[in-house]
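Scroll down for the structure; my scribbles are underneath it.
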């Protein structure tokens, strides 16, 4: 080290007082002045640094008044430097525009907060917008007040906005994308957005192009993108036109693929959304000229309009998606308005579908039986087993509520097996309970999927062997369309069952397109006439003469069946007059509320103990 002293480390202007020329350095032990040594150059004073700094700054006292400002701040704000001193700092950089920032600034001035940083958009005197970052820091206690510094971030902000626009817009159509759409939707559903002004309602048109995949597959994605861009232009024009007649222009967004959405804030009701949907359909249906190639497409639109209160973005989009599905299912090229009742049915359907298989294991199903009564002797010849689902939430459900669901998801196989086993066991029990009377047969409905997805022949053989029921006492019912379309495995199964001795019946006969020549080659032993023919016997005007047309048709079908060696059962027999006419025609058995509604096994046991079934005796 050299023999010269380096002296004390330099201090900042804010943590030591400025040394003046009047300060005298004395030697220890003497009162005489020490010899003056050469002084190093003095650092720049606080005031000179403050004035020359490129960062815009101002000193603000505890009252919020500017006591000093540098030239950089005046230049940034476009103000005369002389006008800054004495001005309220909060007014210069807009600190009072929102309550949260204003409160934080006041806490800074009171010395209760260490630092404040915020971003502000200011209007420059020359007219352009100026984005700044404002920082407020406390000065040392001796100086008092706070230091206000302002940085111009306009270029950075512009870059951010540019990047945000790219992130929030679709590159093909230049429309807002899914992210921006949901941002706007979420904001529109916030309470402060609709409580103070507007209608308090919101509307949505959710649009999907019909057959767009075919355009991509046949003409390529380049043409597909051109079509999407052209569709976007037409949707935007429709939205702008709607905005001229209403307050506010709907937001048009591309949600992905060929899906678009138009968001209507402060909607005035379903009429407004219906008008918008109509204009959208019309705009899209006009042919598109894509570089000389003419294309015609259509669209399906789901329309939802409701109160904003209590609605969430998820719920609104689910409703729109459901309604769009309805529009496509109803034939496409149309718009459909959300229907709460229809949606409730769909939700119930989904709930039932998900609970079907577990319900079989939990034993929630039961069978009721409806008598098949001989027309000549009024005796119960058989019963049809009808399954009921005792649902813990929806109550007792009839087959029309869940059988189609069971066929769709395949649970019809275990359910059908359970029905078959339960019905055969019950028929055998009745036979044991009434050994002196002629045994009755039990008729069980079978879905075609049971034939395809399981070995129905083996199942029937095993169940008959297990329950001890004779094959001739089991009748399997299949719908006319299922039997008439049988070929291959289903037809082989029907023949094997018939050879086993099981009766095969065609249910709802007369409602399809029967090939009568083919009917003669099927292993069928029973025709069940659809109830619509029998209901035709019931005249609304009892004073009018009966038209012979219905009776002639039924009589012809009965005669045809008898010539083919088949028996005929008439469904939906409700009056004695109908029964009399059916008996005169030659119908073999009848089924309907005239004799009994579907009832429990115990009630059937009571009917079996009577010599004849009187009208309505089986009804509760």
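Residue numbers (the numbering used here): 57 to 676. Where is the CB? At the ideal position from N, CA and C, for every residue including glycine. Bear in mind that the values here come from a model prediction, so they are computed numbers and not experimental data.
*Could you check how far apart the C-beta atoms of residue 441 and residue 479 are, in whole angstroms? I think they sit under 8 angstroms.*
In the chain shown, counting from the first residue as 1, residue 441 sits at position 385. In the chain shown, counting from the first residue as 1, residue 479 sits at position 423. Contact holds; Cβ gap of about 4 angstroms.
*asked:* According to DSSP, is residue 496 part of a helix, a strand, or is it coil?
replied: Sequence index remark: in the chain shown, residue 496 carries index 440 (1-based). Residue 496 falls in the coil class under three-state DSSP.
*The beta strand (DSSP E) with residue 224 in it runs from where to where?*
Residue numbering aside, residue 224 sits at position 168 when the chain shown is read from its first letter. No beta strand (DSSP E) holds residue 224; the alpha helix (DSSP H) holding it covers 210 to 224.
_8 angstroms CB neighbourhood of residue 607 in its chain, flanking five on each side removed_ = Looking up residue 607 in the chain shown gives position 551. Here the set comprises 593, 637 and 641.
_Segment contact flag, the segment 325 to 335 with the segment 188 to 207, C-beta cutoff 8 angstroms, min 3 pairs_ = no
*Please state whether DSSP places residue 249 in a helix, a strand or coil.*
Counting from 1 along the chain shown, the entry for residue 249 is found at position 193. DSSP places residue 249 in helix when its eight states are reduced to three.
*Use the C-beta contact count for residue 110: other C-beta atoms within 10 angstroms, 16 or more gives buried, fewer gives exposed.*
As a working mapping, residue 110 is identified with position 54 in the chain shown. Label assigned to residue 110: exposed.
*Go ahead and pull the three-state DSSP assignment for residue 581.*
Reading the chain shown from its first residue, position 525 is the one you call residue 581. The answer is coil: DSSP assigns residue 581 none of H, G, I, E or B.
*asked:* Taking the straight line between their C-alpha atoms, what separation do you get for residue 320 and residue 158?
replied: Taking the chain shown and counting its residues from 1, the one referred to as residue 320 is at position 264. Taking the chain shown and counting its residues from 1, the one referred to as residue 158 is at position 102. Using only the alpha carbons, I get a separation of about 34 angstroms.
*So residue 179 is in the beta strand (DSSP E); what residue range does that whole segment cover?*
Translated into positions along the chain shown, residue 179 becomes position 123. Here the beta strand (DSSP E) through residue 179 covers 172 to 179.
_Host beta strand (DSSP E) of residue 563 (start-end)_ = The residue given as residue 563 occupies position 507 in the chain shown. 559 to 565 is the span of the beta strand (DSSP E), which, as asked, contains residue 563.
*Over the uninterrupted beta strand (DSSP E) stretch that includes residue 450, give me the two end residues.*
For the purposes of this step, residue 450 is taken as residue 394 along the chain shown, with counting starting at 1. Unbroken run through residue 450: none, as it is neither H nor E.
*Near residue 86, which residues of its chain fall below 7 angstroms by C-beta distance, leaving aside the five closest residues on each side in sequence?*
For the purposes of this step, residue 86 is identified with residue 30 of the chain shown, where counting begins at 1. With a pLDDT of only 40 at residue 86, under the threshold of 50, the placement of this residue in the model should not be trusted; the figure read from the coordinates follows. Cβ neighbours of residue 86 beyond the five flanking positions: none.
*Reducing DSSP to helix, strand and coil, say where residue 299 ends up.*
One-based indexing of the chain shown puts residue 299 at position 243. If DSSP states are grouped into helix, strand and coil, residue 299 belongs with the helices.
*Just list the alpha helix (DSSP H) runs in the segment 311 to 363, keeping only unbroken ones of 4 residues or longer that don't cross its boundaries, in chain order.*
326 to 341
*In whole angstroms, what is the alpha-carbon distance linking residue 124 and residue 256?*
Position 68 of the chain shown holds residue 124. Position 200 of the chain shown holds residue 256. So the alpha carbons of these two residues sit roughly 50 angstroms apart.
*Given a threshold of 16 other Cβ atoms within 10 Å of its Cβ, counted over all protein chains shown, does residue 625 qualify as buried or as exposed?*
If you number the chain shown from 1, residue 625 lands on position 569. So residue 625 counts as buried.
*residue 205 - partner residues in DSSP beta bridges*: In the chain shown, counting from the first residue as 1, residue 205 sits at position 149. Answer by DSSP bridge pairing, in chain order: 113 and 191.
*6 angstroms Cβ shell around residue 361 - same chain, five flanking residues per side excluded*: Numbered from its first residue, the chain shown carries residue 361 at position 305. The answer, listed in chain order, is 259, 323, 326 and 329.
*Across which residues does DSSP place residue 425 in a beta bridge pair?*
Your numbering for residue 425 matches position 369 in the chain shown. For residue 425, which the question treats as bridged, DSSP gives the partners 441 and 655.
_Measuring only the C-alpha atoms, how far is residue 456 from residue 288?_
Here residue 456 refers to the residue found at position 400 of the chain shown. Here residue 288 refers to the residue found at position 232 of the chain shown. In a straight line, the C-alpha of residue 456 is about 44 angstroms away from that of residue 288.
*First and last residue of the alpha helix (DSSP H) that includes residue 525?*
Taking the chain shown and counting its residues from 1, the one referred to as residue 525 is at position 469. Taken as a continuous stretch (DSSP letters only), residue 525 belongs to no alpha helix (DSSP H), as it is neither H nor E.
*Could you tell me if the beta carbon of residue 378 falls within a distance shorter than 7 angstroms of some heavy atom in the ligand NAP?*
The ligand content of the structure shown is nil, which means the ligand NAP is not present either.
_Nearest residue (CA-CA) to residue 507, options 562, 659, 546 and 537_ = Counted from its first residue, the chain shown places residue 507 at position 451. Residue 546 is the option with its Cα nearest to residue 507.
*Based on Cα-Cα distance, which residue from 549, 176 and 230 lies nearest to residue 580?*
On the chain shown, residue 580 is found 524 positions in, with the first residue counted as 1. When each option's Cα is compared against that of residue 580, the closest is 549.
*Span of the alpha helix (DSSP H) around residue 228*: Here the question's residue 228 lines up with position 172 in the chain shown. Note, residue 228: premise wrong, no alpha helix (DSSP H); not H, not E.
*Could you check if residue 196 is buried or exposed, using at least 16 other CB atoms within 10 Å of its CB as the buried criterion?*
In the chain shown, the residue the question calls residue 196 occupies position 140. Its Cβ having fewer than 16 others within 10 Å, residue 196 is exposed.
_For residue 15 and residue 176, which I take to be in contact (beta-carbon distance under 8 angstroms), what is that distance rounded to the nearest angstrom?_
Nothing about residue 15 can be read from this structure; the chain reaches only from 57 to 676.
*Where do the ends of the alpha helix (DSSP H) carrying residue 166 lie?*
One-based indexing of the chain shown puts residue 166 at position 110. Counting along the chain, residue 166 falls outside any alpha helix (DSSP H), and DSSP gives it neither H nor E.
_Residue nearest to residue 575 in terms of C-alpha spacing, selected from 348, 618, 587 and 371_ = For this step, residue 575 is matched to residue 519 along the chain shown. Taking only the C-alpha atoms, the option nearest residue 575 is 618.
*On a CA-only basis, which of 291, 350, 348 and 242 is nearest residue 366? Give me that one, please.*
To locate residue 366, count along the chain shown from 1; it is residue 310. Nearest of 291, 350, 348 and 242 to residue 366, Cα basis: 242.
*Where residue 680 and residue 464 are concerned, what is the direct C-alpha to C-alpha distance, given to the nearest angstrom?*
Past the edges of the chain, shown from 57 to 676, lies residue 680, and the structure says nothing about it.
*Just to confirm, are residue 439 and residue 428 a CB contact at a threshold of 8 angstroms?*
To locate residue 439, count along the chain shown from 1; it is residue 383. To locate residue 428, count along the chain shown from 1; it is residue 372. Yes. Within cutoff.
_Exposure label - residue 370; buried when at least 16 CB within 10 Å_ = Stepping through the chain shown from its first residue, residue 370 is reached at position 314. Classification for residue 370: exposed.
_residue 620 - partner residues in DSSP beta bridges_ = As a first step, residue 620 must be located in the chain shown, where it is residue number 564. BP columns for residue 620 are empty, so no partner.
*Contact set for residue 163: own chain, Cβ-Cβ below 6 angstroms, skip 5 residues either direction*: Locating residue 163 in the chain shown gives position 107, where the first residue counts as 1. Answer for residue 163: 169, listed in chain order.
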